[in-house]
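Heads up, the thing below is written out as structure tokens.
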Amino acid sequence: MAPIELLPSLRGAAKSVKLVICDVDGVLTSGAIFLDQWGVESKGFSVVDGTGIHFLKRHGIQVGLLSGRKSAVVARRAEELNASFFYDGVIDKMPKLLEILESLNLPGSQACFIGDDLIDISCMRLCGFPVAVQNAHPEVKKAAAYVTRARGGEGAVREAAEVILRAQGRFGKIKERFYP
Numbered sequence: 001m002a003p004i005e006l007l008p009s010l011r012g013a014a015k016s017v018k019l020v021i022c023d024v025d026g027v028l029t030s031g032a033i034f035l036d037q038w039g040v041e042s043k044g045f046s047v048v049d050g051t052g053i054h055f056l057k058r059h060g061i062q063v064g065l066l067s068g069r070k071s072a073v074v075a076r077r078a079e080e081l082n083a084s085f086f087y088d089g090v091i092d093k094m095p096k097l098l099e100i101l102e103s104l105n106l107p108g109s110q111a112c113f114i115g116d117d118l119i120d121i122s123c124m125r126l127c128g129f130p131v132a133v134q135n136a137h138p139e140v141k142k143a144a145a146y147v148t149r150a151r152g153g154e155g156a157v158r159e160a161a162e163v164i165l166r167a168q169g170r171f172g173k174i175k176e177r178f179y180p
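Residue numbers (the numbering used here): 1 to 180.
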């Protein structure tokens with residue numbers, strides 16, 4: 001995929017990001033929930049998105065997950081990703097986002113929220129770099145400064161991570177690490 005060229009105004013917003021908060025269902029997953037005959041839940045996560053989160057964290061950007069649903073599967077994935085923050089079962093996400101920002105002493109302008117559904121819009125409006133995944137609800141796309149080419153669960157978080165790291169001039173260091 002060719003690198004994404006951002007407008008100067010978006011580049012400035014992405015350049016100042018110090019915190020990325022991701023919704024989970026529809027962003028880190030396709031939004032599908034699988035239940036077996038015993039009610040055991042499973043979900044699919046993209047390793048590519050996990051790598052994007054790793055890149056962000058490696059460059060000092062904190063990454064958190066904020067989900068409207070309670071899920072042991074998501075808690076396990078948050079642990080695997082070593083997420084800076086993980087909250088699930090949060091229907092009204094704005095107070096939790098404000099709490100996170102306050103704990104880090106960060107203004108909303110230095111945050112990125114990646115969402116896909118109406119529940120995410122209030123948080124997106126608070127952040128300096130709001131991102132919607134390709135398959136997001138149309139109203140969510142309107143609230144976004146950037147809409148990914150990739151769909152949720154299919155590399156959208158990785159794409160947003162690369163946009164942020166390129167804007168911050170850090171993506172070259174990642175490339176050098178893997179092919180000097």
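Every residue, glycine too, gets a C-beta built ideally from N, C-alpha and C.
Given residue i, which residues of its chain have a CB within under 8 Å of its CB, disregarding the five upstream and five downstream residues?
| i | result |
| --- | --- |
| V140 | G115, D116, D117, L118, D120, I121, M124, A132 |
| C112 | A14, V17, L19, V20, I21, C127, G128, F129, P130, V131, A160, I164 |
Tell me which same chain residues have a C-beta within less than 6 Å of the C-beta of residue i, skipping the five on either side of it?
| i | result |
| --- | --- |
| I53 | V63, L81 |
| K43 | T29, V73 |
| L35 | E41 |
First and last residue of the beta strand (DSSP E) that includes residue i?
| i | result |
| --- | --- |
| P130 | 129-132 |
| A111 | 111-115 |
Just reading off the alpha helix (DSSP H) that residue i is part of, what are its end residues?
| i | result |
| --- | --- |
| V163 | 156-167 |
| L97 | 93-104 |
With DSSP as the reference, label residue i as helix, strand or coil.
| i | result |
| --- | --- |
| G26 | coil |
| V147 | strand |
| I121 | helix |
| I174 | helix |
| V17 | coil |
Keeping to the same chain, check which residues put their C-beta closer than 7 Å to that of residue i; ignore five residues upstream and five downstream.
| i | result |
| --- | --- |
| D88 | S67, R69, K70, S71, V74, A75 |
| A155 | Strictly speaking, residue 155 in this sequence is Gly, with Ala absent from that position. Cβ neighbours of G155 beyond the five flanking positions: S46, V48, D49. |
Measure from the C-beta of residue i to each C-beta in chain D and report whether the shortest distance is under 8 Å.
| i | result |
| --- | --- |
| E176 | The structure shown contains no chain D; it holds only a single protein chain. |
Ignoring anything shorter than 3 residues, give me the beta strand (DSSP E) runs that lie fully in the region 41-82, in order along the chain. You should have 62-66.
The region 25-34 touching the region 66-82, judged by at least three CB pairs closer than 8 Å: In short, these stretches touch, since the Cβ pair count reaches three.
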